[in-house]
Amino acid sequence: MRQPIIAGNWKMNNTIAGTKALLTDLIPLVKDAKAEVVVCVPYTNIAAAGELIKGTNIKLGAENVHWAEKGAFTGEISADMLVELGVEYVIIGHSERRQYFGETDQTVNARVKAALAKGLKPIICVGETLEEREGGLVKDVLVRQTTEAFKDIDKSQLENIVIAYEPVWAIGTGKTATAQDANDTIAIIRDTMANLYCKDCAENKVRIQYGGSMNPKNASELMAMPQIDGGLIGGASLKAVDFSQVVKY
Ligand code: PEP
-2 MRQPIIAGNW KMNNTIAGTK ALLTDLIPLV KDAKAEVVVC VPYTNIAAAG
48 ELIKGTNIKL GAENVHWAEK GAFTGEISAD MLVELGVEYV IIGHSERRQY
98 FGETDQTVNA RVKAALAKGL KPIICVGETL EEREGGLVKD VLVRQTTEAF
148 KDIDKSQLEN IVIAYEPVWA IGTGKTATAQ DANDTIAIIR DTMANLYCKD
198 CAENKVRIQY GGSMNPKNAS ELMAMPQIDG GLIGGASLKA VDFSQVVKY
């Protein structure tokens, strides 16, 4: 059985004061959640968030990690630095990083390896743009992104990795893929994992989330689909009540 995992991606939102307020509201609302609950917060809020969620069922995540262990990379953050703060999950290859910060399939793979080497659990984002969808390239894009992201990653690591299928056209736009479409597209990613590793690996080891304008209204329909193992939640993760309703779908 694949345990559902719902992760909030706060992006560049919330100061430390905002972090305290949001998490103080959120903690009691999600305490009985059946899904695994994660909040991926900006680097500057990790320490404060970690203190607040100690002893709760909420897990700590970051939004990126550098591929090098250390060195002359001004402004970057290493896996060791995240581990020291108690981070468990890290988002890698979000479409905003691909779009605005030159993230490629190769740098995604390098970050995944660096994260795993230090015991962090990557949430690897894949997904097609609207142009790619309209051009009939969904399968090509997803197979390529998935194959490259998992290059040289051993089968034994699959239980420590989450994939987030996030159609770029659905992120922050209010447009959601239909539950059926999200399900069918995630099946393409799962097939790809079966081809790269094994059928059991794809069916039982790796969890695949949906992300893209998931909210309290559409969460239960999406979560009812057999291929969808959770959600990566942007906008709706910034409000405690909304996020808790998604978590409890
Ligand atoms: C995201 O950024 O990962 C995301 C899914 O955002 P939103 O929920 O706001 O579409």
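Residue numbering for the sequence shown follows this note's numbering, beginning at -2 and increasing consecutively.
Backbone N, C-alpha and C define an ideal beta-carbon position, used for all residues, glycine too.
The ligand PEP heavy atom lying under 6 Å from the CB of residue i
{"i": "glycine 169", "result": "yes"}
{"i": "serine 210", "result": "yes"}
{"i": "asparagine 10", "result": "no"}
{"i": "glycine 232", "result": "yes"}
{"i": "leucine 229", "result": "yes"}
{"i": "asparagine 61", "result": "no"}
{"i": "asparagine 215", "result": "no"}
{"i": "asparagine 6", "result": "yes"}
Cutoff 7 Å: residue i Cβ touching any chain D Cβ
{"i": "valine 27", "result": "This model lacks chain D altogether; it includes just one protein chain."}
Cβ neighbours of residue i in the same chain (closer than 6 Å, five flanking residues each side left out)
{"i": "leucine 229", "result": "Ala4, Asn6, Ala161, Gln206, Gly208"}
{"i": "methionine 222", "result": "Ala176, Asn180"}
{"i": "isoleucine 185", "result": "Lys136, Leu139"}
{"i": "valine 165", "result": "Ser92, Gly124, Thr126"}
{"i": "tyrosine 86", "result": "Val35, Gly58, Lys118, Ile120"}
{"i": "glutamine 224", "result": "Asn180, Ile183, Ala184"}
Beta-ladder partner(s) of residue i, from DSSP
{"i": "cysteine 122", "result": "Ala161"}
{"i": "lysine 110", "result": "Bridge partners of lysine 110: none, in fact."}
{"i": "alanine 59", "result": "Val87"}
{"i": "arginine 204", "result": "Val159"}
{"i": "leucine 229", "result": "Ala4, Gly208"}
{"i": "glutamate 33", "result": "Ile2"}
Cβ-based neighbour list, residue i, same chain, cut-off 8 Å, excluding 5 preceding and 5 following
{"i": "aspartate 77", "result": "Glu66, Lys67, Lys115"}
{"i": "aspartate 149", "result": "Asn106, Lys110"}
{"i": "isoleucine 55", "result": "Leu20, Leu23, Ile24, Val27, Val34, Val35, Val36"}
{"i": "leucine 82", "result": "Ile43, Ala44, Gly47, Leu57"}
{"i": "isoleucine 50", "result": "Leu20, Ile24, Val36, Lys56, Leu57"}
{"i": "glutamate 200", "result": "Arg187, Ala191"}
{"i": "glutamate 145", "result": "Asp102, Gln103, Val105, Asn106"}
Close-in-space but distant-in-sequence residues of the same chain around residue i (CB under 7 Å, 5 per side omitted)
{"i": "glutamate 156", "result": "Lys202"}
{"i": "threonine 170", "result": "Ser210"}
{"i": "threonine 173", "result": "Ala167, Gly209, Ser210, Met211, Asn215"}
{"i": "tyrosine 97", "result": "none"}
{"i": "valine 84", "result": "Ile43, Leu57, Gly58, Ala59, Leu117"}
{"i": "phenylalanine 147", "result": "Leu193"}
{"i": "glycine 72", "result": "none"}
contact_flag[the segment 106 to 122, the segment 45 to 64] where n(CB pairs < 8 Å) is 3 or more: Segments in contact, yes.
Any 3 or more C-beta pairs closer than 8 Å across the segment 127 to 135 and the segment 89 to 99: no
Meets three-Cβ-pair contact criterion under 8 Å: the segment 215 to 224 and the segment 189 to 199: Taking one beta carbon from each stretch, the segment 215 to 224 and the segment 189 to 199 have fewer than 3 pairs nearer than 8 Å; the two do not touch.
Meets three-Cβ-pair contact criterion under 8 Å: the segment 15 to 25 and the segment 231 to 243: yes
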